[in-house]
Amino acid sequence: MQLLHTVRGAVWIIVYLLFVLAPLFALLAGSHPTPRDFWTEFAVAIGYSGLAMMGLQFGLTARFRYVTAPWGEDVIYHFHRQISLTAVGLVVAHPLILFAVQPELRAPSNFIGAPLSAYFAVVSLFSLIALVVMALWRARLKISYETWHLTHIVLAIVAVTAGLAHMVASGFYLPDPWKRALWIGLAVFWMALLLYVRIVKPLFMLRRPYRVSDVRRERGDTSTLVMQPDGHSGFRFTPGQFGWLTLWGSPFRITGHPFSFSSSAEAADGRVEMTIRKLGDFTSAIAEVPVGRRVYLDGPYGAFTIGNPADMHVLIAGGVGVTPMMSMIRTLADRGDKRPVILLYGSKDWESITFREELETMEARLNLTVVHVLSDPPAGWKGERGFINAKVLERHLPPIFADHEYFICGPGVMMDAIEKALGEMNVPLSKYHSERYSFV
Ligand SMILES: Cc1cc2nc3c(=O)[nH]c(=O)nc-3n(C[C@H](O)[C@H](O)[C@H](O)COP(=O)(O)OP(=O)(O)OC[C@H]3O[C@@H](n4cnc5c(N)ncnc54)[C@H](O)[C@@H]3O)c2cc1C
0 MQLLHTVRGA VWIIVYLLFV LAPLFALLAG SHPTPRDFWT EFAVAIGYSG LAMMGLQFGL
60 TARFRYVTAP WGEDVIYHFH RQISLTAVGL VVAHPLILFA VQPELRAPSN FIGAPLSAYF
120 AVVSLFSLIA LVVMALWRAR LKISYETWHL THIVLAIVAV TAGLAHMVAS GFYLPDPWKR
180 ALWIGLAVFW MALLLYVRIV KPLFMLRRPY RVSDVRRERG DTSTLVMQPD GHSGFRFTPG
240 QFGWLTLWGS PFRITGHPFS FSSSAEAADG RVEMTIRKLG DFTSAIAEVP VGRRVYLDGP
300 YGAFTIGNPA DMHVLIAGGV GVTPMMSMIR TLADRGDKRP VILLYGSKDW ESITFREELE
360 TMEARLNLTV VHVLSDPPAG WKGERGFINA KVLERHLPPI FADHEYFICG PGVMMDAIEK
420 ALGEMNVPLS KYHSERYSFV
């Protein structure tokens with residue numbers, strides 16, 4: 000399985016590079032315009048590359064399960080972010096180099112009488128800059144997630160369309176009809192990706208709705224939504240995976256919210272549960288969702304899954320990061336898996352431990368040890384206090400540390416600290432898996 004994922008991962012990297020580089024190399028084939036100085040040609044080449052990378056961003060966020068499976072969605076979103084910065088860097092460098100090597104371009108008279116292609120370039124460039132500024136500093140600019148998401152999509156479409164228009168209107172490297180056809184074909188492909196995500200996928204989800212069959216209040220400001228497939232058999236998931244939930248309105252809504260499945264993957268009737276902590280406007284309304292409400296689920300996604308043969312599963316959760324762990328524990332119990340599992344679970348206090356009672360009963364059903372770590376323990380607490388760190392891990396895990404399989408989910412600071420601690424305990428990277436609850 001691991002080998003298959005590695006091979007699949009390698010194939011997708013090659014496909015990605017092909018899509019980014021092939022259009023650039025295609026420009027070198029066929030007839031050529033009169034060569035110009037090196038820096039002018041270099042500036043044009045990076046402009047083309049930046050545009051090809053930006054267009055492919057629509058594919059990275061299209062949630063193709065087959066493509067994202069080898070890495071997991073969070074890694075893909077991280078890559079989307081990093082590669083955007085590279086693409087924008089190339090696109091910004093493109094005019095800067097041209098201005099540097101062709102001083103006549105900087106003359107004010109040139110701005111006034113500039114050809115249409117230059118105006119397209121300006122629109123593309125400024126849309127991109129706005130897009131990056133909003134993506135990097137959304138929270139500081141106090142832009143809500145929903146507003147940001149919509150603006151992000153609009154700016155991306157404007158930037159790529161204006162970039163293409165600039166390229167075609169400049170036309171320097173596109174004298175041959177087949178080269179023009181190639182770039183137009185690419186642009187159609189990018190837009191098709193967008194249409195797939197925004198139209199085809201929601202249509203598919205519309206035909207496979209779910210109904211809320213129960214809403215359970217849990218400890219720690221958290222509620223569990225129990226959802227039943229309505230008129231279909233649902234989907235299978237692997238414990239640890241997540242789905243995008245659309246609760247109010249249709250699946251055509253721009254923003255869905257990602258939540259891990261907290262139920263057992265062995266439920267025979269296709270039922271799925273998500274356990275959601277009050278955090279903002281969307282999550283605060285979960286407890287009030289009426290039973291019978293029609294909802295839409297897009298999933299399953301993610302590579303944060305058990306499956307590898309390990310001598311011991313070590314689950315490290317902080318707060319609501321326990322939800323994928325609960326799915327793993329419930330699934331292992333339903334499967335009668337007797338391999339040892341240890342859950343190191345960080346919470347604020349004793350009363351706010353989500354799933355506390357069920358975890359106690361689970362200790363009897365499977366070979367499970369639960370270690371609670373409380374940052375605000377009650378008087379007389381004899382257990383671990385503070386935060387999960389290397390010392391806590393070493394106190395509770397049997398050697399050899401590198402033989403176990405680790406799963407980490409919780410607040411960013413906790414995850415950073417644990418990943419660092421595991422590195423210091425000589426646990427190889429391939430042995431630990433992380434799920435971060437913040438894509439953006
Ligand atoms: C893979 C994954 C699994 C998750 N599983 C769970 C879970 O099992 N239980 C749980 O309680 N929470 C989970 N979360 C977090 C949950 O998605 C956010 O807390 C929720 O979307 C916040 O929405 P809000 O409108 O209530 O809060 P807001 O106040 O609007 O947002 C709070 C923060 O959450 C993030 N956020 C908001 N909307 C989204 C969105 N649509 N997509 C991505 N991030 C968003 C933003 O960074 C925002 O700043 C998960 C997140 C991810 C990425």
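For what it's worth, numbering that gives the first Met the number 0 labels the leading residue of the sequence shown as 0, then goes sequentially.
Positions of the beta carbon are idealized from the N, C-alpha and C atoms, including for glycine.
heavy atom of ligand 1 below 7 Å from residue i C-beta
i      : result
Ala138 : yes
Ala434 : According to the sequence shown, residue 434 is Glu rather than Ala. Glu434: yes, Cβ under 7 Å from ligand 1.
Gly239 : no
Asp280 : yes
Glu72  : yes
Thr85  : no
His256 : yes
Ser143 : yes
Gly301 : yes
Met424 : no
Arg329 : no
Met273 : yes
Arg276 : yes
Val294 : no
Ser283 : yes
Ser351 : no
Val412 : no
Val319 : yes
Thr322 : yes
Ser437 : yes
Whole-number beta carbon distance between residue j and residue i, since they are thought to touch under 8 Å
i      : j      : result
Gln227 : Arg210 : 5 Å
Ile315 : Ile417 : 6 Å
Arg62  : Asp220 : With 8 Å as the limit, Arg62 and Asp220 do not qualify as a contact, their Cβ atoms being about 29 Å apart.
Gly8   : Pro94  : Rounded, the Cβ-Cβ distance is 35 Å, inconsistent with contact.
Val391 : Tyr405 : Val391 to Tyr405, Cβ: 13 Å. No contact.
Thr245 : Gly255 : 5 Å
Leu342 : Leu367 : 7 Å
Met53  : Gly170 : 20 Å between Cβ atoms; not a contact.
Val90  : Leu130 : At roughly 11 Å, the Cβ-Cβ gap does not stay under 8 Å, so Val90 and Leu130 are not in contact.
Paired residues, beta bridge with residue i - DSSP
i      : result
Leu343 : Ile315, Val370
Gln227 : Arg210
Asp297 : Trp243
Phe258 : Gly242
Glu434 : Cys408
Val271 : Met226
Arg394 : Looking at the DSSP assignment, Arg394 forms no beta bridge with any residue, so it has no partner.
Glu457 : Since the first residue shown for the chain is 0 and the last is 439, residue 457 is missing from the structure and cannot be characterised.
Arg216 : Ser222
Arg384 : Leu373
Arg276 : Thr221
Buried/exposed call for residue i, threshold 16 Cβ in 10 Å
i      : result
Val340 : buried
Ala21  : exposed
Val132 : exposed
Glu350 : exposed
Val187 : exposed
Glu423 : exposed
Gly318 : buried
Phe354 : buried
His231 : exposed
Phe435 : Looking at the sequence itself, residue 435 is Arg, so the reference to Phe does not match. By the 10 Å Cβ count, Arg435 comes out buried.
Phe98  : exposed
Tyr295 : buried
Glu393 : exposed
Thr33  : exposed
Gly46  : buried
Ile198 : exposed
Tyr65  : exposed
Leu55  : buried
Gln240 : buried
Pro323 : buried
Leu50  : buried
Asp73  : buried
Arg235 : exposed
Closer than 7 Å: residue i CB and nearest ligand 3 heavy atom
i      : result
Ser259 : This structure does not include ligand 3; its bound ligands are ligand 1.
Min CB distance residue i to chain C below 8 Å
i      : result
Ala120 : No chain C is present in this structure, which holds just one protein chain.
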